[in-house]
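**Student:**
Protein chains: 6
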Amino acid sequence: MSEERYQQGIAQLEEMGGTPVLAMLEQLQDTTSDLTRFTVEFAYGDILSRPGLDLRTRQIATVAALTALGTAPVQLRAHIDMALSVGCTRDEIKEIIIQMALYAGFPAALNGMAAAQEVFRVKDKKVA
Amino acid sequence: MSEERYQQGIAQLEEMGGTPVLAMLEQLQDTTSDLTRFTVEFAYGDILSRPGLDLRTRQIATVAALTALGTAPVQLRAHIDMALSVGCTRDEIKEIIIQMALYAGFPAALNGMAAAQEVFRVKDKKVA
Amino acid sequence: MSEERYQQGIAQLEEMGGTPVLAMLEQLQDTTSDLTRFTVEFAYGDILSRPGLDLRTRQIATVAALTALGTAPVQLRAHIDMALSVGCTRDEIKEIIIQMALYAGFPAALNGMAAAQEVFRVKDKKVA
Amino acid sequence: MSEERYQQGIAQLEEMGGTPVLAMLEQLQDTTSDLTRFTVEFAYGDILSRPGLDLRTRQIATVAALTALGTAPVQLRAHIDMALSVGCTRDEIKEIIIQMALYAGFPAALNGMAAAQEVFRVKDKKVA
Amino acid sequence: MSEERYQQGIAQLEEMGGTPVLAMLEQLQDTTSDLTRFTVEFAYGDILSRPGLDLRTRQIATVAALTALGTAPVQLRAHIDMALSVGCTRDEIKEIIIQMALYAGFPAALNGMAAAQEVFRVKDKKVA
Amino acid sequence: MSEERYQQGIAQLEEMGGTPVLAMLEQLQDTTSDLTRFTVEFAYGDILSRPGLDLRTRQIATVAALTALGTAPVQLRAHIDMALSVGCTRDEIKEIIIQMALYAGFPAALNGMAAAQEVFRVKDKKVA
Numbered sequence: 798m799s800e801e802r803y804q805q806g807i808a809q810l811e812e813m814g815g816t817p818v819l820a821m822l823e824q825l826q827d828t829t830s831d832l833t834r835f836t837v838e839f840a841y842g843d844i845l846s847r848p849g850l851d852l853r854t855r856q857i858a859t860v861a862a863l864t865a866l867g868t869a870p871v872q873l874r875a876h877i878d879m880a881l882s883v884g885c886t887r888d889e890i891k892e893i894i895i896q897m898a899l900y901a902g903f904p905a906a907l908n909g910m911a912a913a914q915e916v917f918r919v920k921d922k923k924v925a
Numbered sequence: 798m799s800e801e802r803y804q805q806g807i808a809q810l811e812e813m814g815g816t817p818v819l820a821m822l823e824q825l826q827d828t829t830s831d832l833t834r835f836t837v838e839f840a841y842g843d844i845l846s847r848p849g850l851d852l853r854t855r856q857i858a859t860v861a862a863l864t865a866l867g868t869a870p871v872q873l874r875a876h877i878d879m880a881l882s883v884g885c886t887r888d889e890i891k892e893i894i895i896q897m898a899l900y901a902g903f904p905a906a907l908n909g910m911a912a913a914q915e916v917f918r919v920k921d922k923k924v925a
Numbered sequence: 798m799s800e801e802r803y804q805q806g807i808a809q810l811e812e813m814g815g816t817p818v819l820a821m822l823e824q825l826q827d828t829t830s831d832l833t834r835f836t837v838e839f840a841y842g843d844i845l846s847r848p849g850l851d852l853r854t855r856q857i858a859t860v861a862a863l864t865a866l867g868t869a870p871v872q873l874r875a876h877i878d879m880a881l882s883v884g885c886t887r888d889e890i891k892e893i894i895i896q897m898a899l900y901a902g903f904p905a906a907l908n909g910m911a912a913a914q915e916v917f918r919v920k921d922k923k924v925a
Numbered sequence: 798m799s800e801e802r803y804q805q806g807i808a809q810l811e812e813m814g815g816t817p818v819l820a821m822l823e824q825l826q827d828t829t830s831d832l833t834r835f836t837v838e839f840a841y842g843d844i845l846s847r848p849g850l851d852l853r854t855r856q857i858a859t860v861a862a863l864t865a866l867g868t869a870p871v872q873l874r875a876h877i878d879m880a881l882s883v884g885c886t887r888d889e890i891k892e893i894i895i896q897m898a899l900y901a902g903f904p905a906a907l908n909g910m911a912a913a914q915e916v917f918r919v920k921d922k923k924v925a
Numbered sequence: 798m799s800e801e802r803y804q805q806g807i808a809q810l811e812e813m814g815g816t817p818v819l820a821m822l823e824q825l826q827d828t829t830s831d832l833t834r835f836t837v838e839f840a841y842g843d844i845l846s847r848p849g850l851d852l853r854t855r856q857i858a859t860v861a862a863l864t865a866l867g868t869a870p871v872q873l874r875a876h877i878d879m880a881l882s883v884g885c886t887r888d889e890i891k892e893i894i895i896q897m898a899l900y901a902g903f904p905a906a907l908n909g910m911a912a913a914q915e916v917f918r919v920k921d922k923k924v925a
Numbered sequence: 798m799s800e801e802r803y804q805q806g807i808a809q810l811e812e813m814g815g816t817p818v819l820a821m822l823e824q825l826q827d828t829t830s831d832l833t834r835f836t837v838e839f840a841y842g843d844i845l846s847r848p849g850l851d852l853r854t855r856q857i858a859t860v861a862a863l864t865a866l867g868t869a870p871v872q873l874r875a876h877i878d879m880a881l882s883v884g885c886t887r888d889e890i891k892e893i894i895i896q897m898a899l900y901a902g903f904p905a906a907l908n909g910m911a912a913a914q915e916v917f918r919v920k921d922k923k924v925a
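Residue numbers (the working numbering), protein chains in the order written: chain L, 798 to 925; chain A, 798 to 925; chain Y, 798 to 925; chain G, 798 to 925; chain R, 798 to 925; chain S, 798 to 925.
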């Protein structure tokens with residue numbers, strides 16, 4: 798493993814508002830430091846820090862894919878949170894989730910919307 | 798959006814015993830009135846109210862598909878409930894879920910059966 | 798393995814118009830007689846021959862599930878063919894596939910419809 | 798069905814460079830004018846024409862979701878083509894597909910890239 | 798159904814440390830004795846008791862597949878538990894789950910690792 | 798990107814009999830050298846070269862997962878080929894594919910077996 802790529806990944810996570818991802822990785826830390834390290838190094842250090850797309854577009858793509866797949870609700874909520882952090886509005890996130898009804902069906906879209914609702918509520922509570 | 802299609806959808810939902818769907822849509826209401834509206838208008842108003850198939854057959858198809866996909870447990874329970882409302886027996890629902898072991902594997906069928914069990918229990922409690 | 802269950806499976810396949818399934822199984826025969834045997838014995842001998850549901854309903858459930866999953870086009874075409882054999886009309890099959898747009902998205906429904914179209918065309922050629 | 802929504806869908810398809818979608822729908826026409834009509838009316842007329850997101854972002858979300866799902870190669874190619882039509886660059890499309898390796902695995906990303914490659918080649922041939 | 802195959806299935810379950818599977822099946826017992834019987838007879842009696850592969854390899858394959866599918870968390874935990882029972886080490890299980898990041902993406906691997914973590918914790922509590 | 802990790806990945810691919818993977822990556826080369834590089838560096842250089850599991854077990858896990866997912870037939874064939882290269886027998890590969898009928902259904906297993914059959918045939922032709 799590479800310290801440089803790990804540090805780049807951590808920096809990228811911070812730029813992307815990655816607190817929910819770090820919390821999830823921390824919970825796994827005692828079981829496997831290796832998978833968490835690969836997530837930071839490869840996902841954030843190698844891929845998501847590439848210059849070819851702005852972070853807003855990257856998060857919209859991830860929210861779309863995780864809503865469509867429907868198998869990773871924890872990660873979907875984390876990425877909805879991060880989408881807000883990099884400048885997506887709530888309406889844009891809801892719009893992309895509605896669009897997924899076309900490509901993955903209404904249950905996938907409804908579950909994606911429930912995930913967004915939960916993230917928005919937590920945010921609203923913190924502010925209040 | 799169209800008031801007429803929306804009203805047709807609401808009527809269709811009522812005919813199909815759609816209380817569990819309405820409950821789910823109501824919970825999302827403050828986040829997104831649009832997705833709930835599209836669900837009523839398009840799913841119930843446009844598609845499920847078409848005359849080509851009786852409601853019993855439609856619900857069996859939906860229970861089969863949601864059991865096989867395995868990604869929408871809330872919706873699966875709602876549609877098992879509605880299958881009972883339009884005249885499917887518990888044994889028919891269990892039979893269709895067993896059949897899904899062939900097309901999506903035993904875990905999908907076992908999780909589908911657990912969903913049916915939960916719906917049946919809630920119904921039995923209400924009666925008792 | 799059990800000769801009795803195997804014979805029951807073959808009889809069930811014949812009752813269900815299972816020529817397309819038998820053709821698929823025959824192609825695999827030299828690689829693995831065991832998986833084909835399990836398919837006949839368990840799928841057709843044990844499950845699909847159970848009395849709890851009529852064959853028409855069973856085939857509609859299978860066509861719904863395979864359309865929604867979208868990962869088994871060969872089997873989807875075989876079961877559309879068998880659905881016709883046990884008395885489903887073309888319009889009923891098309892209706893169930895349209896309904897799957899709601900639960901698995903438009904691409905799944907469009908691909909299901911393309912599968913149905915292919916089965917119908919082959920049937921029409923044979924008649925002509 | 799509604800003539801107005803259908804016309805809005807056709808207009809939206811044209812704005813989105815929807816020739817590959819129209820070709821796919823036309824092939825299904827003799828089997829089912831209804832599913833093709835619903836696709837135009839609901840997908841393009843109701844959802845994709847909503848003002849909440851620009852078309853470039855919408856296409857990126859769809860390419861991401863279809864790459865991740867991996868079950869609809871024909872539709873993936875159509876939407877890559879349409880992504881180019883609404884202003885996405887080839888590099889942006891490739892970048893979003895690479896990103897999907899993180900959320901759906903390398904085979905999904907590699908198959909998405911093969912789909913992009915095929916679309917690019919057809920475009921290059923037409924120009925040449 | 799066959800008493801002999803059922804008894805063979807129960808024996809196989811015991812050899813595989815199948816307590817978590819038996820617990821899951823028992824919970825479904827009042828709803829459906831048939832699906833639990835098919836699971837024992839066919840899955841354990843017919844397939845998993847075949848001599849062609851050692852049980853350690855079989856459990857690794859199942860943990861890999863359920864991690865990749867991501868739709869059956871209860872069954873994944875049961876099979877991680879059984880993998881330990883037939884001699885897989887915790888490190889081997891973690892290694893196979895990390896590998897699934899390549900074929901099904903990081904969320905699938907992270908959720909698989911969280912499942913493993915939960916199984917390990919329960920085991921550690923019992924020992925303490 | 799890292800030359801050292803890339804070279805380690807290439808070495809790992811050679812040890813695993815990775816000719817079919819290299820062929821697939823080469824076809825994508827003109828579209829995207831980056832995804833092919835990440836596949837070599839991360840999948841083969843970082844993950845599959847880890848010492849925690851022997852290559853035979855790793856390939857069995859991958860064949861199981863890709864059979865169950867059912868969305869990557871090209872990659873499934875490549876990994877069946879590589880499973881043979883690292884010492885799995887044809888019977889072991891067939892056994893793992895049969896087992897997947899339990900976790901992902903019969904169509905997934907039948908399609909996996911058809912993939913194995915194709916790989917075996919190509920091998921037999923080369924020998925003849």
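Note that beta-carbon positions come from the ideal geometry of N, C-alpha and C, so glycine has one too.
Would you decide whether residue 818 of chain Y is buried or exposed? Buried here means 16 or more other CB atoms lie within 10 Å of its CB.
**Tutor:** Here the question's residue 818 of chain Y lines up with position 21 in the third sequence. Classification of residue 818 of chain Y: buried, given that the 10 Å Cβ count is 16 or more.
**Student:** Mind pulling the chain Y residues with CB within less than 7 Å of residue 902 of chain L?
**Tutor:** Residue 902 of chain L sits at position 105 when you count from the first residue of the first sequence. Simply 899, 900, 901 and 902.
**Student:** Looking at chain S, is there any beta carbon in it that lies within less than 8 Å of the beta carbon of residue 809 of chain Y?
**Tutor:** What you label residue 809 of chain Y is simply residue 12 of the third sequence in a count that begins at 1. Cβ-Cβ to chain S under 8 Å: no for residue 809 of chain Y.
**Student:** Would you mind giving the Cβ-Cβ distance between residue 807 of chain R and residue 860 of chain R, rounded to the nearest angstrom? I have them listed as a contact below 8 Å.
**Tutor:** Taking the first residue of the fifth sequence as 1, we reach residue 807 of chain R at position 10. Taking the first residue of the fifth sequence as 1, we reach residue 860 of chain R at position 63. Wrong, their Cβ atoms sit about 22 Å apart, outside the cutoff.
**Student:** Does at least one heavy atom of the ligand HEM sit under 7 Å from the Cβ of residue 878 of chain Y?
**Tutor:** This structure does not include the ligand HEM; it has no bound ligands of any sort.
**Student:** Flag this pair as touching only if the segment 830–848 of chain R and the segment 867–875 of chain R have three or more C-beta atom pairs under 8 Å; answer yes or no.
**Tutor:** Taking 8 Å as the limit for Cβ pairs, the verdict is that the segment 867–875 of chain R does not touch the segment 830–848 of chain R.
**Student:** Would you tell me roughly how many angstroms separate the C-alpha atoms of residue 813 of chain R and residue 809 of chain S, rounded to the nearest one?
**Tutor:** Here the question's residue 813 of chain R lines up with position 16 in the fifth sequence. Here the question's residue 809 of chain S lines up with position 12 in the sixth sequence. Between residue 813 of chain R and residue 809 of chain S, the C-alpha separation is close to 33 Å.
**Student:** Note down the Cα distance separating residue 899 of chain Y from residue 864 of chain Y, rounded to an integer number of angstroms.
**Tutor:** In the third sequence, the residue the question calls residue 899 of chain Y occupies position 102. In the third sequence, the residue the question calls residue 864 of chain Y occupies position 67. Between residue 899 of chain Y and residue 864 of chain Y, the C-alpha separation is close to 12 Å.
**Student:** Report buried or exposed for residue 848 of chain S, applying the criterion of at least 16 other Cβ atoms within 10 angstroms of its Cβ.
**Tutor:** The residue given as residue 848 of chain S occupies position 51 in the sixth sequence. When all chains shown are included, residue 848 of chain S counts as exposed.
**Student:** Can you say whether residue 916 of chain A is buried or exposed, counting buried as having 16 or more other CB atoms within 10 angstroms of its CB?
**Tutor:** Within the second sequence, numbered from 1, the residue matching residue 916 of chain A stands at position 119. Label assigned to residue 916 of chain A: buried.
**Student:** Taking the straight line between their C-alpha atoms, what separation do you get for residue 913 of chain S and residue 895 of chain G?
**Tutor:** Indexing the sixth sequence from 1 puts residue 913 of chain S at position 116. Indexing the fourth sequence from 1 puts residue 895 of chain G at position 98. C-alpha separation (whole angstroms): 28 Å.
**Student:** Strictly under 8 Å for the Cβ-Cβ distance: is residue 836 of chain R near chain A by that measure?
**Tutor:** To locate residue 836 of chain R, count along the fifth sequence from 1; it is residue 39. So yes, residue 836 of chain R belongs to the interface.
**Student:** Using a Cβ-Cβ cutoff of less than 7 Å, which residues in the same chain neighbour residue 897 of chain L once the five nearest sequence positions on both sides are dropped?
**Tutor:** Working through the first sequence from its first residue, we reach residue 897 of chain L at position 100. 861, 864, 865, 905, 906 and 909, listed in sequence order.
**Student:** Can you tell me whether DSSP reads residue 906 of chain R as helix, strand or coil?
**Tutor:** As a working note, residue 906 of chain R is residue 109 in the fifth sequence. Of the three classes helix, strand and coil, the one that applies to residue 906 of chain R here is helix, per DSSP.
**Student:** Which stretch, first to last residue, makes up the alpha helix (DSSP H) that contains residue 854 of chain G?
**Tutor:** Locating residue 854 of chain G in the fourth sequence gives position 57, counting from the first residue. 852–866 is the span of the alpha helix (DSSP H), which, as asked, contains residue 854 of chain G.
**Student:** Would residue 886 of chain Y and residue 891 of chain S qualify as a contact pair, given that the criterion is a beta-carbon distance under 8 Å?
**Tutor:** For the purposes of this step, residue 886 of chain Y is identified with residue 89 of the third sequence, where counting begins at 1. For the purposes of this step, residue 891 of chain S is identified with residue 94 of the sixth sequence, where counting begins at 1. No, Cβ-Cβ distance for residue 886 of chain Y and residue 891 of chain S is not below 8 Å.
**Student:** From the beta carbon of residue 840 of chain G, is the nearest beta carbon of chain Y less than 8 Å away?
**Tutor:** Residue numbering aside, residue 840 of chain G sits at position 43 when the fourth sequence is read from its first letter. Residue 840 of chain G counts as touching chain Y.
**Student:** Is the shortest distance between the beta-carbon of residue 849 of chain A and the beta-carbons of chain Y less than 8 Å?
**Tutor:** For this step, residue 849 of chain A is matched to residue 52 along the second sequence. Residue 849 of chain A counts as touching chain Y.
**Student:** Which chain L residues sit within Cβ distance under 9 Å of residue 843 of chain S?
**Tutor:** Residue numbering aside, residue 843 of chain S sits at position 46 when the sixth sequence is read from its first letter. Under the 9 Å cutoff, chain L gives 798, 835, 838 and 839.
**Student:** Measure from the alpha carbon of residue 903 of chain S to the alpha carbon of each residue in Y/801, Y/839 and Y/811, then state which is nearest.
**Tutor:** One-based indexing of the sixth sequence puts residue 903 of chain S at position 106. For the residues Y/801, Y/839 and Y/811, the minimum Cα distance to residue 903 of chain S belongs to Y/839.
**Student:** Within 10 angstroms of the Cβ of residue 820 of chain S, are there 16 or more other Cβ atoms? Answer buried if so, exposed if not.
**Tutor:** As a working mapping, residue 820 of chain S is identified with position 23 in the sixth sequence. With fewer than 16 other Cβ atoms within 10 Å, it is exposed.
**Student:** Anything in chain G within Cβ reach of residue 906 of chain Y, meaning under 8 Å, just list it in chain order.
**Tutor:** Against the third sequence, residue 906 of chain Y aligns to sequence position 109. What residue 906 of chain Y touches in chain G: 832.
**Student:** The alpha helix (DSSP H) spanning residue 890 of chain G covers which residue range?
**Tutor:** Counting from one through the fourth sequence, the residue named residue 890 of chain G turns up at place 93. Element bounds for residue 890 of chain G: 887–901.
**Student:** Taking Cβ-Cβ distances shorter than 8 Å, what residues in chain C pair up with residue 852 of chain R?
**Tutor:** Judged by its chain identifiers, the structure shown contains no chain C, and its protein chains are L, A, Y, G, R and S.
**Student:** Does DSSP classify residue 878 of chain S as helix, strand or coil?
**Tutor:** Along the sixth sequence, read from residue 1 onward, the residue named residue 878 of chain S stands at position 81. It is helical.
**Student:** Apart from the five residues on each side of it in sequence, which residues of its chain come closer than 6 Å, Cβ to Cβ, to residue 802 of chain A?
**Tutor:** Working through the second sequence from its first residue, we reach residue 802 of chain A at position 5. Once the five neighbours on either side are set aside, the close Cβ partners of residue 802 of chain A are 838 and 842.
**Student:** Kindly indicate which residue of A/844, A/881 and A/855 has the alpha-carbon position closest to the one of residue 920 of chain A.
**Tutor:** Residue 920 of chain A sits at position 123 when you count from the first residue of the second sequence. For the residues A/844, A/881 and A/855, the minimum Cα distance to residue 920 of chain A belongs to A/881.
**Student:** Pull up the distance between the alpha-carbon of residue 857 of chain S and that of residue 845 of chain S, whole angstroms please.
**Tutor:** Taking the sixth sequence and counting its residues from 1, the one referred to as residue 857 of chain S is at position 60. Taking the sixth sequence and counting its residues from 1, the one referred to as residue 845 of chain S is at position 48. Each residue's Cα considered, the two are about 13 Å apart.
**Student:** Taking only three categories from DSSP, how would you classify residue 808 of chain G?
**Tutor:** The count along the fourth sequence starts at 1 and reaches residue 808 of chain G at position 11. Three-state DSSP puts residue 808 of chain G in a helix.
**Student:** Tell me the start and end of each unbroken alpha helix (DSSP H) in the segment 825–850 of chain S that is at least 4 residues and wholly inside, in chain order.
**Tutor:** As far as the segment 825–850 of chain S is concerned, its whole alpha helix (DSSP H) runs of at least 4 residues are 830–835.
**Student:** Compare the C-beta of residue 890 of chain R with all C-beta atoms of chain L and state if any pair is closer than 8 Å.
**Tutor:** Here residue 890 of chain R is taken as the residue at index 93 of the fifth sequence, counted from 1. Not one chain L Cβ lies under 8 Å of residue 890 of chain R.
**Student:** Please list, in chain order, the chain G residues whose beta carbon lies closer than 7 Å to that of residue 895 of chain L.
**Tutor:** Position 98 of the first sequence, counted from the first residue, corresponds to residue 895 of chain L. By Cβ distance, chain G contributes 844.
**Student:** When burial is assigned at 16 or more other CB atoms within 10 Å of the CB, is residue 804 of chain R buried or exposed?
**Tutor:** Walking along the fifth sequence from the start, residue 804 of chain R turns up at place 7. Exposed, since its Cβ has fewer than 16 Cβ neighbours within 10 Å.
**Student:** Which of helix, strand or coil does DSSP assign to residue 813 of chain A?
**Tutor:** Counting from one through the second sequence, the residue named residue 813 of chain A turns up at place 16. In this structure, residue 813 of chain A counts as coil in the three-state DSSP scheme.
**Student:** Taking only beta-carbon positions, decide if residue 825 of chain A is within less than 8 Å of chain Y.
**Tutor:** Here residue 825 of chain A corresponds to residue number 28 of the second sequence, with the count starting at 1. Cβ-Cβ to chain Y under 8 Å: no for residue 825 of chain A.
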